[in-house]
Amino acid sequence: MKKNLFVLALAAMIAVSCGTTNTSMVILHVNDTHSHHDPVRSGARAGHGGVIERTAIIDSVRNSRGSGNVLLVHAGDFNQGTSYYTTFKGLLEVDLINTIGYDCITLGNHEFDNGLEDLAARVKLIDCPVVCANVDFSGTPLEGLVKPCAVIRKGGLKIGIIGATSDLATMVASSISSRLTQLDNVKEVNYWSEYLRKMQKCDMVVFLSHLGYDEDQAIVPHLHGVDIVIGGHTHTFVDGFVYVSDADGKQVPIITDGCWGYDIGEIIVK
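Every number in our numbering is 156 more than the matching position in the sequence shown, counting from 1.
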């Protein structure tokens, strides 16, 4: 039920440079759900969370706004953390991503826990784009399955989404991370932002980040062309945006949604 799930409803107006008038779309975002599919049963957050409750809210927004006007994204670490993951080996999360109908997701460090072959097998089953720009997957089972960015059309806007994950060398077993090359975060985000703006003619660029809340704030001053950062990794609970000036002096909003599906972020773009 909606009352059992805290909804972070931000009526945030992001200035989007585009030719479309009277454009209104909604971004719904979560992060670090970590296989938590049941509501919290005790403590201060009793009754919060739960995949059924979360889906009901997502469906409600889609019904009220129109599904073509709602972008649903996940900022990584949808795996690992409960017996659901250890029992079903991440396949339940794949089914939920597809059933709920995410439009785009990025990879958190915990998606890599069971190895590249295991992750590749699951990514093949995911219906939406999986994006991660700061890792070179060449020569691994994930090559060609995970893209640096994606383009999604919602609410009359052409939206570019760039993904990035945390430093896998410090987060994942060396037997796994040693097979991957971590790329420079700033260089990659700027490269793909320019690509999305100039080559794909995107109206808006979203950075779907699993770098962590502090790292998100640290990277923005070096970025060009990103309109908003939707983050994860550090399980940080916030009440709204923090704004940081990018390399061109533009104020870029940064948001993240704690963990375990307690919150759903809602951003209204006009």
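Positions of the beta carbon are idealized from the N, C-alpha and C atoms, including for glycine.
Just to check my reading of the structure: residue i and residue j have Cβ atoms closer than 8 Å, yes? What is that Cβ distance to the nearest angstrom?
i      : j      : result
Val328 : Val302 : Between Val302 and Val328 the Cβ distance is about 15 Å, and since that is not below 8 Å, they are no contact.
Leu324 : Val291 : 7 Å
Ser398 : Ile410 : One detail in the question is off: residue 398 reads as Val in this sequence, not Ser. Right, the Cβ-Cβ distance comes to about 5 Å (below 8 Å), so this counts as a contact.
Tyr423 : Val182 : Note that residue 423 is Ile in the sequence shown here, rather than Tyr. That pair is a contact at about 7 Å.
His389 : Gly264 : 6 Å
Thr412 : Asn187 : 6 Å
Lys310 : Gly224 : 7 Å
Ile214 : Ile253 : Not really, about 12 Å apart at Cβ, beyond 8 Å.
Please classify residue i as buried or exposed, where buried requires at least 16 neighbouring CB atoms within 10 angstroms.
i      : result
Phe244 : exposed
Thr262 : buried
Ser330 : exposed
Gly387 : buried
Asn219 : exposed
Arg210 : buried
Ser333 : buried
Asp395 : exposed
Ile420 : buried
Thr326 : exposed
Gly199 : exposed
Ser294 : exposed
Ala202 : exposed
Glu299 : exposed
Gly405 : exposed
Ile431 : Outside the displayed span of the chain (157 to 426) sits residue 431, for which this structure offers no information.
Ser322 : buried
Asn346 : buried
Asn178 : Bear in mind that a pLDDT of 48 at Asn178, under 50, signals an unreliable position, so the number given afterwards is only what the model happens to contain. Burial call: exposed.
Going by the CB atoms, is the gap between residue j and residue i shorter than 8 Å?
i      : j      : result
Pro297 : Glu273 : yes
Gln356 : Gly316 : yes
Ile308 : Val342 : no
Cys358 : Gly319 : no
Ser349 : Ala231 : no
Asp259 : Leu227 : yes
Arg353 : Gly381 : yes
His391 : Cys415 : yes
His266 : Tyr418 : no
So that I know if they touch, is there some Cβ in chain C lying closer than 8 Å to that of residue i?
i      : result
Asp413 : Absent from the structure: chain C. Only one protein chain is present.
Assess contact between the segment 235–249 and the segment 365–381, defined as three or more Cβ pairs (one per stretch) separated by less than 8 Å. Is contact present? No, the segment 235–249 does not touch the segment 365–381.
Beta strand (DSSP E) runs wholly inside the segment 301–334, at least 3 long, in chain order: Segments of the beta strand (DSSP E) lying fully in the segment 301–334: 305–310, 313–320.
Report yes or no: do the segment 246–255 and the segment 190–201 share at least 3 C-beta pairs separated by less than 8 Å? A contact exists between the segment 246–255 and the segment 190–201.
Any alpha helix (DSSP H) of 4 or more consecutive residues that is wholly inside the segment 225–284: Segments of the alpha helix (DSSP H) lying fully in the segment 225–284: 239–244, 247–256, 272–279.
Which ranges does the beta strand (DSSP E) cover as unbroken runs of at least 3 residues, wholly within the segment 375–411, from first to last along the chain? Segments of the beta strand (DSSP E) lying fully in the segment 375–411: 384–387, 398–401.
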